[in-house]
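Numbering (my numbering), first residue to last: 816 to 1072. Below: the structure, in structure tokens.
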Ligand SMILES: [Zn+2]
């Protein structure tokens, strides 16, 4: 890494947060193109999908959760290993931190490196970085799928294949057909591709499309609440675009993790 300053280091503008209920007890916490999180409220506890970058930023998500429920936050699911998604996890005091086995491997192999480089590149996304106590280690790992019952609510946690990283994980609420996709899908943003598997990403996305989600919370960008999935993509652009993200020139952003 050179000592040259990144343009992102001057990117300090605050983003507007939207905390929206997409279905009963299923929320999208979206941040105008910064990393999103999800919140699922069950009978006796809460699950957070993606922990945010620091405990202080996680505290803002906890404040939002406390506007809708006082139930304990018992579960944190990591959609992938990127620092900006995982390093806030300690704030929740959750009993369970879930990641795919491949994500666990990436935390072990590259977690420290990703943390160091991302904190330097994106100071706004790592506000109060000094509050991060260390790498986030899962307490539960799974191979391709597991099911958590939050009381009567079924939550499926799936590793549908590789794409944005080798450990990509999605969270699926089969009853309401709400999908939390992590960075496999971004809306109005350009996915970081330094850990990507271009050859496999389209097939993984096809699995998401086959689930026919009614609503989808992407890794970045607004929640998608009208099911218009065009798959497979019909244009030649598909060959070069690994994501079903809408990527207009105006909406394209610097690729971030
Ligand atoms: Zn990412």
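All C-beta atoms, glycine included, are put in the ideal place defined by N, C-alpha and C.
Is the beta carbon of residue i within less than 7 angstroms of some heavy atom of ligand 1?
i            : result
residue 844  : no
residue 1045 : no
residue 1002 : no
residue 1007 : yes
residue 1072 : yes
residue 895  : yes
residue 929  : no
residue 1034 : yes
residue 911  : no
residue 849  : no
Determine the burial state of residue i: buried for a count of at least 16 other Cβ atoms within 10 Å of its Cβ, exposed for fewer.
i            : result
residue 894  : buried
residue 828  : exposed
residue 1007 : buried
residue 958  : exposed
residue 1159 : Any property of residue 1159 remains undetermined from this structure, which presents the chain solely from 816 to 1072.
residue 1010 : buried
residue 1018 : exposed
residue 1064 : For residue 1064, the predicted structure reports a pLDDT of 34, less than 50, and the residue's modelled location is therefore unreliable. A value from the coordinates is still provided. Residue 1064 should be labelled exposed.
residue 760  : With the chain represented from 816 up to 1072, any question about residue 760 goes unanswered, as that position is not in the structure.
residue 1046 : exposed
residue 977  : buried
residue 845  : buried
residue 980  : buried
residue 989  : exposed
Determine, using beta carbons only, whether residue i and residue j come nearer to each other than 8 angstroms.
i           : j            : result
residue 853 : residue 970  : no
residue 878 : residue 1035 : no
residue 904 : residue 951  : yes
residue 900 : residue 866  : yes
residue 985 : residue 953  : no
residue 942 : residue 876  : no
Name the residue from the options whose alpha carbon lies nearest to the alpha carbon of residue i.
i            : options             : result
residue 1072 : 837, 902, 914       : 902
residue 963  : 987, 953, 940       : 987
residue 1026 : 997, 993, 981, 1016 : 993
residue 859  : 932, 884, 846, 866  : 884
residue 887  : 906, 900, 898, 843  : 906
residue 914  : 947, 1022, 936, 955 : 955
Give a single yes or no on whether residue i has its beta carbon closer than 7 angstroms to a heavy atom of ligand 3.
i           : result
residue 865 : The model depicted lacks ligand 3 and carries ligand 1 instead.
Nearest chain D C-beta to residue i closer than 8 angstroms, yes or no?
i           : result
residue 898 : The question asks about chain D, but that chain is absent: this structure has only one protein chain.
Task: Runs of alpha helix (DSSP H) lying entirely within the region 858 to 913, each at least 4 residues, in chain order - done: 870 to 880, 898 to 901
Task: Length at least 3, wholly inside the region 956 to 1002: the beta strand (DSSP E) runs in chain order - done: 960 to 965, 968 to 973, 985 to 988, 993 to 997
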